[in-house]
Ligand code: PEP
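Numbering (this note's numbering), first residue to last: 293 to 538.
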């Protein structure tokens with residue numbers, strides 16, 4: 293199974309998302325690709341109730357409590373209640389703009405899984421970390437917090453998104469070889485840190501300036517199991533990316 297994840301980020305409104313969902317609903321999309329669209333919290337119910345039934349909806353984040361005095365936060369249980377099946381956690385914009393730590397991301401992962409959501413767990417290095425040659429250390433540090441917090445069987449409900457921060461929203465996509473190198477290293481890490489089964493079965497998708505053209509070569513890499521798409525998920529072009537992800 294491969295995966296096509298869209299991430300609307302803080303974009304769209306009720307009318308533009310109505311139009312976008314209608315275009316996705318009318319499109320011929322590969323049934324072998326599990327497609328998930330992450331919408332801003334306030335639009336999750338609208339997207340979930342209007343989207344084709346073979347695609348699913350995700351929240352773009354969640355909190356670590358089910359309910360209570362946490363003004364402004366949204367729980368995994370609430371996301372589930374309004375139709376989300378997935379949640380994106382650890383996105384670089386949460387880590388780097390909102391200051392969310394590896395441990396907080398791991399705690400969110402545990403709570404989201406307990407609530408019955410699937411998790412798209414994002415990891416990836418900053419440009420200076422790549423230039424310093426520590427990409428793998430950074431990715432392993434981010435993964436390690438989650439490895440310590442979840443049970444082996446939980447990995448069946450986690451998709452890892454490798455997203456080099458320097459490639460997100462910049463138009464500077466990683467080369468297929470750069471993506472493959474990190475994906476293969478993540479798989480090797482999972483083998484040692486969790487198990488050979490989890491290493492083999494966990495889907496690892498690439499994210500960072502993916503479009504309908506550059507996805508073709510990346511999709512052919514042995515350890516690239518799909519894509520997490522930001523900007524291009526707001527356009528009908530997203531379906532071409534889904535269909536290249538076989
Ligand atoms: C993202 O939002 O995770 C992302 C990869 O964005 P973009 O495709 O716009 O680089």
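Beta carbons: idealized from backbone N, C-alpha and C, even for Gly.
>> Just verifying my parser: in three-state terms, what is the DSSP assignment at residue 400?
In response: helix
> In this structure, does DSSP put residue 291 in helix, strand or coil?
Replying inline: It is not possible to answer for residue 291, since the shown part of the chain is limited to 293 through 538.
>> Whole angstroms are fine: how far does the CA of residue 422 sit from the CA of residue 439?
In response: 23 Å
>> Pairs of beta-carbons, one from the segment 330 to 342 and one from the segment 362 to 376, closer than 8 Å: are there three or more?
In response: yes
> Out of curiosity, what's the CA-to-CA distance linking residue 309 and residue 529?
Replying inline: 15 Å
> If you follow the beta strand (DSSP E) that residue 326 is part of, which residue opens it and which one closes it?
Replying inline: 325 to 330
> What are the boundary residues of the beta strand (DSSP E) that includes residue 412?
Replying inline: 410 to 415
> residue 406: buried (16+ other C-beta within 10 angstroms of its C-beta) or exposed?
Replying inline: exposed
> Does the segment 459 to 479 come within contact of the segment 501 to 515, defined as at least 3 CB pairs closer than 8 Å?
Replying inline: yes
> Would the beta-carbon of residue 502 fall within 9 Å of that of residue 510?
Replying inline: yes
>> Measuring alpha carbon to alpha carbon, tell me which residue in 326, 516, 347, 385 is nearest residue 469.
In response: 516
>> Output needed for residue 369: all residues of its chain with C-beta closer than 8 Å, excluding positions within five of it in sequence on either side, in chain order.
In response: 358, 359, 407
> Is DSSP giving residue 514 helix, strand or coil here?
Replying inline: coil
>> the ligand PEP and residue 521: does any heavy atom of the ligand fall closer than 8 Å to the residue's C-beta?
In response: yes
> Cβ of residue 414 within 8 Å of any heavy atom in the ligand PEP?
Replying inline: yes
> beta strand (DSSP E) containing residue 503: first to last residue?
Replying inline: That residue, residue 503, is in no beta strand (DSSP E); it is neither H nor E in DSSP.
>> Taking the straight line between their C-alpha atoms, what separation do you get for residue 304 and residue 330?
In response: 12 Å
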